[in-house]
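Read through the structure below, which is laid out as structure tokens, and then see the notes.
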Amino acid sequence: MSRCVDVIVVGGGHAGIEAALAASRMGMKTVMVTARKERIGEMSCNPAIGGIAKGTIVREVDALDGSMAVAADETSLQFRMLNRRKGPAVWGPRVQSDAMMYARAQQRTLEAGAVEVIEDEVTGLIGRTERIEGVQCRRNGPLKGRAVVLATGTFLGGMLFRGEETWRGGRTGDISADRLDEDLRRRMFHVERFKTGTPPRILRDSIDTGSMEEETSEEIGFSFSYSGSRLSELREFFYTVHTNRDTAEAAKDFLHRSPLLAGRIEGKGPRYCPSFEDKVVKFPERAEHRIYVEPMGYRSRLLYLNGLSSSLPREAQYRMVRTLPGFHDAVIHRFGYAVEYSYISHEEIAPTLRLRRTENLFAAGQVCGTSGYEEAAGLGVLAGINAARQCLDREGLVLSRMDSYIGVMVDDIIGRGVDEPYRMFSSRAENRLYLRQDNADRRMLPAALGSGVLSEGKKKVLEGRTEAAGRIRTAIDETSMDGVPAGILCRRGELNPLELLSTSGLQGSVELSLAESVILDEKYQGYIQRNLRKHRERSSESSVTLSSIDSFMDIEEICWEAREVLERRRPETLQQARNLPGVRPTDINGLIIHLGRKCSTWNNRT
Amino acid sequence: MDYHDDAKGIICAVSTPEGRSAIAVIRVSGSGSASVVEHLMGLEKGRLRGMRRKTGVIRRAGVELDSVVALGWPEGSSYTGEEMVEIMCHGIPEVTADILECLMDAGARKAVPGEFTRRAFMSGRMSAWQVMSLASMWRGMDHGNRLSGEGGSECSRLLRETRRVRELLEADIEFQEEHGTGGSEDLLAEFGSLMELTGEFRRKTSVMEGECRVMLMGPVNSGKSTLFNRIAGGEAALVSDEPGTTRDGASVHVEIRGRRILVCDTAGSDGTGIDREAYRRALGTMKGTDGVIWMSVGGTEKTPGEIEKTAGWIIRVSSKSDLVEKCTDKEWLGVSCVTGEGIDELQELVSQFPGSMSVTALADRIENRVGAARDSVIEGDFAVASENLADAENELSDLLDRGSCALISVERALSGMCVGK
Ligand SMILES: Cc1cc2nc3c(=O)[nH]c(=O)nc-3n(C[C@H](O)[C@H](O)[C@H](O)COP(=O)(O)OP(=O)(O)OC[C@H]3O[C@@H](n4cnc5c(N)ncnc54)[C@H](O)[C@@H]3O)c2cc1C
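Next comes the structure, spelled out in structure tokens:
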């Protein structure tokens, strides 16, 4: 006897939480099946949310009414605005969090959000692959649903490694989703392996912080959430130390016992978040690497050593840790390890995060090949929206890479594929001057309203802000300062927001930070418009087919090398042609000229 | 010259210097060249397809013209990128002329100057930069510039450096504060050396591109030499109030608004007497110039039809505007060397001669972008800095490629080449 719900979300990580909440906000009867209830929302790795580009994703998730921003605001122990001296387009808000409190906050939100949580392991899907009917649970048996979201993180076929030790799991103390992995493979989904790792956790009382550099919080009352959250008032100290020659030596002595170098891990790891032994191999001349010492929570007895990720054997980690200044008596509470897991190949995934071969199976989070909490949350909310829209028989939501980092991420993963765990960088976005943390609410509003994911309360907040932004824009158009139009001052970066507000009589009725944000939009307008134009030109290329070309070898307008590449790969559209290595922009121009001569496809395009 | 009419046919030309020599090389390029030469040499079809060498005899109507060696290149790996044959024959003008004639009878056409290189450019075998380097070597203007491969050229070096600095900038944005590594110790110093390199590059382009040539023409005593001196900033030409003092062309190199310009003074013409000869000479040299400044007092004397026909670009100057009534016609620019009226406008116009644009202008743009990027870093807007560097990179790749704006310069470089290059 099985029940039938609307949306089933497999996994209670950062992706699963947002997916379940989004579907629920859209009125779906939503069930989350996850291995252990009390580990929902756990930070498997470092206790921090946000960062450069990542912080902007958190605000995009908030603009879609997700829960990550509020949870981060309420449980933060320290706030920093990274890159403050490098321009507002690359500012990165980041908080250090109390990991336990963060997970609790998320669990409470799920409860309040009417998401039913079932503690169980999903061992497989039920129904034909083209149309999934639900999931099979180890204890509770079959559970039927109209759409399923896979948010299994690092758990699919998860294998943990430390030196010669190997055991099954998605992280320490957790199960490995082996049966689900097998089921996906049996259904002929293309899955691949990645690896990632985590550093040792240290007992706080065992170290001496006296000699360490201290980092303190910036107190500016920043909240990730545009609705303004109840900001945490708890504060913690964070420290930085540097590794030295002895640390590197210790790692080197044990390199032969690294599971990676010994060839036992096949999956590729994140280039930008390497293990310490990777760094030693990669930069043999450098022994000094910065390590951030981060308490796992407020007055927590555990410290996290950000930058010292390792899967070397216990002895090695022990020696490495003890070489750090202030760590000579350090006690390791839990040793670092690496995890290898399956992820679903990009060819399987559509821009709505639906798996292409199915009508109603979606994927989100690390299982799509990404890495990081924020990335997971961004994909989660999109998958949740689209699972619900599938149930409602509405067209899926696709986010443009010109409007959001979530859009950039999906487009990158699906369009180019990933060859290492995908982490967001600001430089991945060609429209970076627009994709700022200060305007995510306005950028996301059309998608947020169109998709139906906003609760009434959030909708009001966001519409109110957009309306206020409109008034500021009008003020810019209509105000002059000493005879110079405010718009021109904006472009020169010389418009003082306070002055604008007081001159235009808006003071008191709109937030200063909102004025600053609108002024930035104006300031970067030229660049933004140009980027949009370029993007439009490019995307119109996806509608130009090359099927009329019998042989690329005869096209004299393009260079020889490009002809060979094109002939070999035979792209279907102009856009695909552009993405091929060895095909230069001018070859594309040549191809356009050729097509123009040959037939009228190109002319009819506009 | 319109190359586009027959951009694809088989072309041929003698590629070695004129006159007698031990051997001469005749180049034949275009799809089908192999079979044309095979036919002339009486070879079996396909013998010269691909990388092949064949010896044989070229005959016309049974008469032996010469015994030759022919080298065949397949499409994609020849100088032009097209199917190509080089015929090595005896360096006797009568022989090469005969062979060319045979080739033309078989359907080939005589190449125009620079056409082989042009095809190499069009098929992507050579970049704009390489064509221009080749042309400047050919003109002997820049002996230090060897025809190095793409990798060694200033252009790709600047591109590499720009890219490297942008990568440093990006690493600084992404990693420096978040992970405590990455970026550069001293970003501004990196920009400093990039700026230097950019300046060097700009100077280099102006040497490579050569100068824009402008001729001063007009009736006797219309004030050409006075204007010339004004431009030259000295007593370069002989000036007097007596009509016809300037007997022959003097020329001076000047830099106007960053463009290198060669201004040539000419003898005035009233179409009679001793000036006739000098005027004819001036007309004769006009073909190689980019433009003409036609001067006449008060704009009374119209530009002669011969000049209208030959000159690509004409600026009409109504001179001595301080003395005589000004010409109201908008076509004429009123200039006075006494009051300085109109001099600025004239310089602006001269610097806009089409021949003086292109690569140098592009180098200017690159310098601007890099400068703007550095300013943005100082102002603390790294993302804008990165956009500017990316623009500079695009301009440079355009030059290394066969992009549209590099095309003008290529045409210019090619126009100075000989047939067979
Ligand atoms: C050891 C380790 C090291 C990491 N290192 C880094 C790092 O260095 N940098 C970085 O950015 N990120 C790192 N992360 C990744 C970061 O934790 C993830 O990117 C993020 O948590 C992914 O979120 P998610 O929602 O996709 O999956 P997770 O947070 O992994 O959540 C998966 C959830 O799914 C549940 N689940 C899985 N399969 C089943 C099943 N069959 N049945 C029921 N429940 C199931 C699990 O119980 C869990 O609740 C690391 C993670 C681990 C484990």
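Listed in order, the protein sequences are those of chains D and U.
All the letters of the first sequence, read from the start, carry residue numbers 1 to 606 under the numbering used here.
All the letters of the second sequence, read from the start, carry residue numbers 1001 to 1421 under the numbering used here.
Where a beta carbon is used, it is the ideal one built from N, C-alpha and C, also for glycine.
A quick note: this is a predicted structure, and the numbers were derived from the prediction, not measured.
- Residues A1034, V1037, E1038, K1054, A1070, G1072 and V1085 of the same chain have their beta carbon placed closer than 7 angstroms to that of U:L1048, with the five preceding and five following residues left out of the count.
- Annotation: D:R230 to D:V115 spans about 23 angstroms, alpha carbon to alpha carbon.
- Among the bridge pairs identified by DSSP, U:C1102 is matched with none.
- Per DSSP, the beta bridge partners of U:W1294 are U:M1217 and U:R1316.
- The closest heavy atom of ligand 1 lies 7 angstroms or more from the beta carbon of U:T1080.
- For D:G50, DSSP records a beta bridge to D:R94.
- Remark: the shortest separation between the CB of D:Y405 and any heavy atom of ligand 1 does not fall under 7 angstroms.
- For a cut-off of 8 angstroms, the C-beta gap from D:R235 to D:Q78 is around 7 angstroms, short enough to register as a contact.
- With respect to the 8 angstroms criterion, U:G1091 and U:R1166 are not classified as neighbours on the basis of their beta carbons.
- Taken from the Cβ of D:G134, every heavy atom of ligand 1 lies 7 angstroms or farther away.
- Any Cβ of chain D closer than 8 angstroms to the Cβ of U:I1256 would place that residue at the interface, and such an atom is absent.
- Counted as a single uninterrupted DSSP element, the beta strand (DSSP E) harbouring D:Y343 occupies residues Y337 to I344.
- Contact between the stretch 190-207 of chain D and the stretch 133-150 of chain D is absent: fewer than three C-beta pairs spanning the two stretches fall below 8 angstroms.
- In the structure shown, D:F161 adopts extended strand secondary structure according to DSSP, grouped into three states.
- Ligand 1 has no heavy atom closer than 7 angstroms to the beta-carbon of D:S97.
- With respect to the C-alpha of U:S1397, the residue from U:N1221, U:S1156, U:E1082 and U:A1024 having the closest C-alpha is U:S1156.
- DSSP places D:C391 inside the alpha helix (DSSP H), whose first and last residues are Y373 to C391.
- Segment contact: the stretch 85-95 of chain D against the stretch 1376-1391 of chain U, three or more CB-CB distances shorter than 8 angstroms; contact assigned.
- Neighbours of D:L433 across chain U, judged by C-beta separation under 8 angstroms: A1383, V1384 and E1387.
- Counting along the chain, no alpha helix (DSSP H) covers D:F327, and no H or E run does either.
- In the three-state reduction of the DSSP assignment, D:H242 falls in the strand class.
- With a cutoff of 7 angstroms, D:R36 counts as near ligand 1, since its C-beta is closer than that to a heavy atom of the ligand.
- For the set D:G11, D:E215, D:P284 and D:Y102, the Cα lying nearest the Cα of D:D246 is the one of D:P284.
- Counting the other CB atoms within 10 Å of its CB gives D:K279 a total of 16 or more, which places it among the buried residues.
- Rounded to the nearest whole angstrom, the C-alpha separation of U:I1010 and D:I592 is 25 angstroms.
- Taking all protein chains in view, the Cβ of U:S1127 is crowded by 16 or more other Cβ atoms within 10 Å, so the residue is classified as buried.
- Assigned with DSSP and collapsed to three states, D:G127 falls in strand.
- If you draw a straight line from the Cα of U:F1201 to the Cα of D:S551, it is about 40 angstroms long.
- By the Cβ rule, the stretch 238-257 of chain D does not count as touching the stretch 117-130 of chain D, because fewer than three pairs are nearer than 8 angstroms.
- For D:G169, the closest of D:R36, D:K458, D:L514 and D:M296 by C-alpha to C-alpha distance is D:R36.
- D:T30 is the residue among D:T30, D:R131 and D:N589 whose C-alpha sits nearest the C-alpha of D:V7.
- When C-beta distances to chain U are compared with 7 angstroms, the residues of the stretch 418-450 of chain D below that value are F425, S426, S427, R432 and L433, in chain order.
- For D:N531, the uninterrupted alpha helix (DSSP H) segment begins and ends at Q525 to S540.
- Taking the Cβ of D:R162 as the reference point, every heavy atom of ligand 1 lies at 7 angstroms or farther away.
- From the listed residues D:C137, D:A316 and D:R428, the smallest Cα separation to D:R3 is found for D:C137.
- Residue contact check for U:I1366 against chain D: no CB pair falls below 8 angstroms.
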